[in-house]
Amino acid sequence: MKWYFKALYNYFNFSGRARRKEFWVFILSNLLIFWILSILDHYLYTDYFTLVSYIFSALIFIPSIAVSVRRLHDSGKNGWNILFIFIPFIGWFWLLILLILLGEPKINKWGPYPQGIQNK
1 MKWYFKALYN YFNFSGRARR KEFWVFILSN LLIFWILSIL DHYLYTDYFT LVSYIFSALI
61 FIPSIAVSVR RLHDSGKNGW NILFIFIPFI GWFWLLILLI LLGEPKINKW GPYPQGIQNK
């Protein structure tokens, strides 16, 4: 949960770098929360959890973009690469590859290596 809250704490931080661990814990935790809300909504036959899902989506929208941009920075890519999300299929696949890439194990123009170990 430390990594999830770290991403939330950096709500409007589009500079710097994010480790793969921070990114994937945040994204997969949000998917799990949406999955739980969806199950509750379906089995309790109420629209309450649909409303909660919409509110939750609005609250995590900016942090999701911010952590994605920082993740791209970690692999040495510009944050504007996030716009590949608007190209159906090929763009999604390419963005996924960029988000999976290992980070540059050295200081790059977006900051120091987030794992704290520098290769000299």
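Quick note: the sequence shown, position 115, residue 115 per the UniProt record's numbering, numbers continuous. Glycine included, every Cβ here is placed at the ideal spot set by N, Cα and C.
Problem set entry | Of the residues Y45, I97, S38, the one placed nearest Y54, counting alpha carbons only | By alpha-carbon distance to Y54, the top candidate from Y45, I97, S38 is S38.
Problem set entry | Of the residues D74, I27, G79, the one placed nearest S57, counting alpha carbons only | Nearest of D74, I27, G79 to S57, Cα basis: I27.
Exercise. Looking at the structure shown, is N108 part of a helix, part of a strand, or coil, going by DSSP?
Worked result: Here N108 sits in strand by DSSP.
Exercise. Who are the near neighbours of W3 in its chain, counting only those whose CB is closer than 7 Å to its CB and skipping five residues on each side?
Worked result: Leaving aside the five residues that flank W3 on each side, the residues in its chain whose CB is nearer than 7 Å to its CB run, in chain order, K21, E22, V25, F26.
Exercise. Quick one: any contact between the region 61-73 and the region 41-48, if contact means 3 or more CB pairs under 8 Å?
Worked result: Output reads no: the region 41-48 does not touch the region 61-73.
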